Ligand code: MCA
Ligand code: AMP
């Protein structure tokens with residue numbers, strides 16, 4: 027397969043590639059650092075990456091891809107239970123880290139390889155292309171863990187062709203080139219920040235400046251200082267929409283940007299409007315999923331219609347399907363169907379989960395996204411909801427209610443638990459726990475339950491609100507009626 031990152035060998039060696047805070051690497055330096063690392067991980071079958079928002083993570087993932095070894099990005103804030111599940115499921119041979127990283131159990135039980143990003147560019151690491159050229163386009167590139175409605179997260183196996191095809195389709199839709207400089211503050215253990223936000227600029231031969239941590243000031247500084255594109259989740263654009271009224275520097279910086287892109291959840295039309303009013307610029311939305319990478323986008327040369335996720339990307343087949351499996355033919359802005367997609371952008375399987383993989387596809391190979399949408403007469407897709415109420419999107423993170431319920435039930439003060447999402451102006455949805463306490467006289471408090479979940483799973487999965495009940499509403503079959511909870 028042709029190289030994923032041709033610029034590593036073809037771009038001028040002094041061309042900027044990556045910047046994290048004060049640290050930066052040119053293409054020449056990145057090729058040397060990643061090339062040297064491929065030589066050190068050579069025999070591994072699969073590697074984990076301790077995916078802090080740092081240079082080391084970017085170099086580690088590029089090196090694994092060059093070596094043709096699948097990488098499993100780990101959220102460094104994940105708790106022991108979640109990390110334990112991911113490590114036992116994906117069985118990496120070693121973990122790639124920054125030298126200063128302190129690893130918690132059970133990650134510290136793995137052999138560890140510290141990433142050295144300061145390699146002499148004239149060093150003797152293997153030439154990247156020489157290692158990569160044996161890789162096939164269907165070979166696994168990344169295994170990214172993603173929550174389902176119930177049970178622990180599943181590892182989506184993403185092949186090399188999905189990465190190249192999705193990034194090239196976005197280049198077409200966004201006129202994304204090597205001249206673009208991207209700024210973002212997204213985490214590097216999910217598709218948005220890692221594939222789009224890090225591998226994307228490198229495939230184009232352009233550069234990325236990572237903020238380390240998102241802030242509107244950081245966005246303003248980088249866009250004013252030469253960055254051309256911004257990627258963010260709706261929570262970030264909501265914070266920008268709040269800040270533009272009082273931050274003229276931010277307004278000026280956004281006004282000068284080439285492209286502002288939002289994704290991972292729906293950006294409310296109200297926030298679209300506030301940003302457009304203050305800056306004259308329209309944020310465009312694209313729609314994707316861990317399992318499919320990117321499916322649709324508003325095009326840079328198209329109409330930026332708020333509330334839509336644009337049109338299918340080149341190479342992506344998209345259809346809307348009714349409950350009974352029949353296809354929605356209408357482009358009327360009204361008829362709702364489930365989005366199903368097919369194309370080179372898709373994952374190949376959920377690791378070790380043939381049952382879940384089979385259930386995710388139709389007999390003729392379409393992936394069921396679970397997202398419900400309508401299509402406007404000109405083909406623009408509007409997402410109107412999700413099939414499963416047990417999936418919550420908070421801050422752009424997908425979170426399964428069942429996973430949190432299981433964690434809550436492991437708390438001694440909890441007899442029964444149900445988890446729902448409710449609207450939140452900043453996070454999109456916030457996690458709400460409905461608890462029947464073991465002892466009604468001393469129910470566990472919010473902070474205690476939030477810590478319990480944050481330590482086991484991850485801080486973004488912690489409940490933000492807790493209600494105590496005497497009993498959960500159940501139907502005749504004993505099933506919890508969540509709609510009754512949210513409407514109480
Ligand atoms: C608070 N914290 C705690 C606790 N309470 N830590 C431990 N225990 C507790 N009880 C800490 C948190 O860890 C965090 O630490 C800080 O307090 C604030 O937490 P939180 O409120 O969750 O964070 P935030 O600042 O509000 O974050 C908003 C955010 C974030 C920056 C927008 O949600 C975010 O980065 N979202 C991006 C999600 C994303 O990339 N999704 C892509 C997947 P600290 O301050 O140290 O962080 S979707 C995808 O990939 C598909 C393909 C797609 O379409 O894109
Ligand atoms: P994840 O599984 O974490 O990769 O999240 C994928 C889900 O995020 C999709 O199935 C959608 O529900 C949602 N999503 C991503 N981008 C958008 C968008 N622009 N608008 C609405 N929902 C989105």
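In my numbering, the protein residues as written are 27 to 514.
Note that the Cβ used here is the ideal one computed from N, Cα and C, for glycine as well.
Since the model is a prediction, treat every value here as computed from it, not as a measurement.
Grab the span of the beta strand (DSSP E) containing residue i for me, first residue to last.
i           : result
residue 277 : No beta strand (DSSP E) holds residue 277; the alpha helix (DSSP H) holding it covers 274-281.
residue 237 : Here residue 237 belongs to no beta strand (DSSP E), and DSSP marks it neither H nor E.
residue 447 : 440-450
residue 172 : 166-172
residue 60  : Careful: residue 60 lies outside any beta strand (DSSP E), inside the alpha helix (DSSP H) at 53-67.
residue 99  : 97-100
residue 318 : Where residue 318 is concerned, there is no enclosing beta strand (DSSP E), given that its DSSP letter is neither H nor E.
residue 286 : 285-288
residue 425 : 423-426
residue 43  : 42-46
residue 482 : From DSSP, residue 482 is part of no beta strand (DSSP E) but of the alpha helix (DSSP H) over 472-482.
residue 34  : Note, residue 34: premise wrong, no beta strand (DSSP E); alpha helix (DSSP H) at 33-36.
residue 176 : No beta strand (DSSP E) holds residue 176; DSSP gives it neither H nor E.
residue 75  : 73-76
residue 411 : 407-412
Cβ of residue i versus every heavy atom of the ligand AMP: is any distance shorter than 8 Å?
i           : result
residue 168 : no
residue 484 : no
residue 412 : yes
residue 397 : yes
residue 312 : yes
residue 81  : no
residue 420 : no
residue 224 : no
residue 293 : yes
Less than 9 Å between the C-beta atoms of residue i and residue j, yes or no?
i           : j           : result
residue 104 : residue 484 : yes
residue 190 : residue 229 : yes
residue 121 : residue 137 : yes
residue 458 : residue 491 : yes
residue 336 : residue 317 : no
residue 424 : residue 116 : no
residue 308 : residue 274 : no
residue 454 : residue 260 : yes
residue 159 : residue 187 : no
residue 204 : residue 33  : yes
residue 319 : residue 372 : yes
residue 283 : residue 254 : yes
residue 132 : residue 113 : yes
residue 60  : residue 50  : no
residue 94  : residue 165 : yes
residue 401 : residue 465 : no
Counting along the chain, where does the alpha helix (DSSP H) carrying residue i start and finish?
i           : result
residue 187 : 186-200
residue 90  : 81-93
residue 230 : 226-230
residue 114 : 106-116
residue 120 : From DSSP, residue 120 is part of no alpha helix (DSSP H) but of the beta strand (DSSP E) over 120-123.
residue 508 : 508-512
Tell me whether residue i, by its Cβ, gets closer than 8 Å to a heavy atom of the ligand MCA.
i           : result
residue 453 : yes
residue 423 : yes
residue 107 : no
residue 218 : yes
residue 103 : yes
residue 373 : no
residue 289 : yes
With distance defined between alpha-carbon atoms, name the residue in the options nearest to residue i.
i           : options            : result
residue 290 : 323, 282, 269      : 323
residue 68  : 278, 392, 119, 501 : 119
residue 262 : 429, 498, 421      : 421
residue 58  : 89, 48, 47, 28     : 89
residue 288 : 256, 38, 307, 267  : 256
residue 456 : 170, 511, 488      : 488
residue 45  : 198, 29, 84, 74    : 84
residue 446 : 464, 426, 341, 433 : 426
residue 299 : 327, 266, 328, 320 : 266
residue 198 : 502, 326, 365      : 326
residue 271 : 258, 301, 250, 243 : 301
residue 406 : 281, 338, 221      : 338
residue 438 : 226, 78, 475, 178  : 475
residue 182 : 480, 448, 374      : 374
residue 143 : 71, 66, 82, 178    : 82
residue 416 : 177, 55, 248, 166  : 177
residue 347 : 140, 305, 365, 357 : 365
residue 179 : 110, 167, 222      : 110
Taking 8 Å as the cut-off, is the CB of residue i close to at least one heavy atom of the ligand ADP?
i           : result
residue 317 : Looking for the ligand ADP in the displayed structure turns up nothing; the ligands present are the ligand MCA and the ligand AMP.
>> Quick check for students: name the residue ranges of the alpha helix (DSSP H) that lie wholly in the segment 321-390, counting only runs of 4 or more.
In response: Within the segment 321-390, the complete alpha helix (DSSP H) runs of at least 4 residues are 380-386.
> What residue ranges within the segment 244-271 form continuous beta strand (DSSP E) runs of no fewer than 3 residues, ordered along the chain?
Replying inline: You should have 255-258.
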